[in-house]
Structure formats: structure tokens, C-alpha cells
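Student: Under our numbering, the first residue of the sequence shown is numbered 1432, with each subsequent residue one higher.
Note that CB positions come from ideal geometry on N, CA and C, so glycine has one too.
This one's a predicted model, so the numbers in the text were calculated from it and none came from an experiment.
Dropping a structure here in C-alpha cells format, bear with me for questions.
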Amino acid sequence: ATFLTAGPKEARAWTIRAGATAPEAAGVIHTDFERGFIKAEVISYDDLIAAGSVAAARSAGKARIEGRDYVMQDGDVVEFRFSG
């Protein structure tokens, strides 16, 4: 499975095993992200493309806050929140 992260300077695809949880996916980026995982803001790729921007997807109610037990879906666009 693949999830995406995006910021002002870059967008990136990350590969994870099918069935990976949000904290496990965060750990692929950096182990500190997995250790300090708080929550993940998730938008499906299709919803993001249809909305045109993260802000528009949020306004349309397409962004979800997910916790530690969330199983990542292929094409999720994610912003991880963590302490560290």
C-alpha cells in the first residue's frame, strides 16, 4: 500500500505493508513519529483531487482525524501529529 504526505515544498509517496496502522506508517517517515504519535489527519487521494486543495477538502468535511488503531488505506493523504 502507499500513502502520501504533502507540504509547501514537496509531496512524497511512502510504501507500507497492507494492514499497517497509522503509527506504523508514521514510523516509516521517522521512528520518532511512531513513538510520539498522537493522531493523523487523513484525506483520501480522490477526495483531495476533487476538492483541489487540502483547505477545500477540510471545508468540505473530507478530512478525518484518526487515532492509533486506524488501518491505513492505499492512497491516503496524511498529516501526522506527534509529540517529540
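1. Using the Cα positions of ARG1448 and GLY1506, report the straight-line distance between them to the nearest angstrom.
2. Cα-Cα, which of ARG1466, ALA1491, ILE1480, ASP1463 is closest to VAL1508?
3. Please classify ARG1448: does DSSP put it in a helix, a strand, or coil?
4. At which residues does the beta strand (DSSP E) containing ALA1471 begin and terminate?
5. Any chance the stretch 1493-1500 sits against the stretch 1461-1474, with 3 or more Cβ pairs inside 8 Å?
Tutor: This is what the structure gives:
1. The residue you call residue 1448 lines up with position 17 of the sequence shown. The residue you call residue 1506 lines up with position 75 of the sequence shown. Between ARG1448 and GLY1506, the C-alpha separation is close to 13 Å.
2. As a first step, residue 1508 is located in the sequence shown; it is residue number 77 there, counting from the start. Of the candidates ARG1466, ALA1491, ILE1480, ASP1463, the one whose C-alpha sits nearest the C-alpha of VAL1508 is ILE1480.
3. Numbered from its first residue, the sequence shown carries residue 1448 at position 17. Coil, per DSSP.
4. Numbered from 1 along the sequence shown, position 40 holds the residue referred to as residue 1471. ALA1471 -> beta strand (DSSP E) spans 1468-1475.
5. yes
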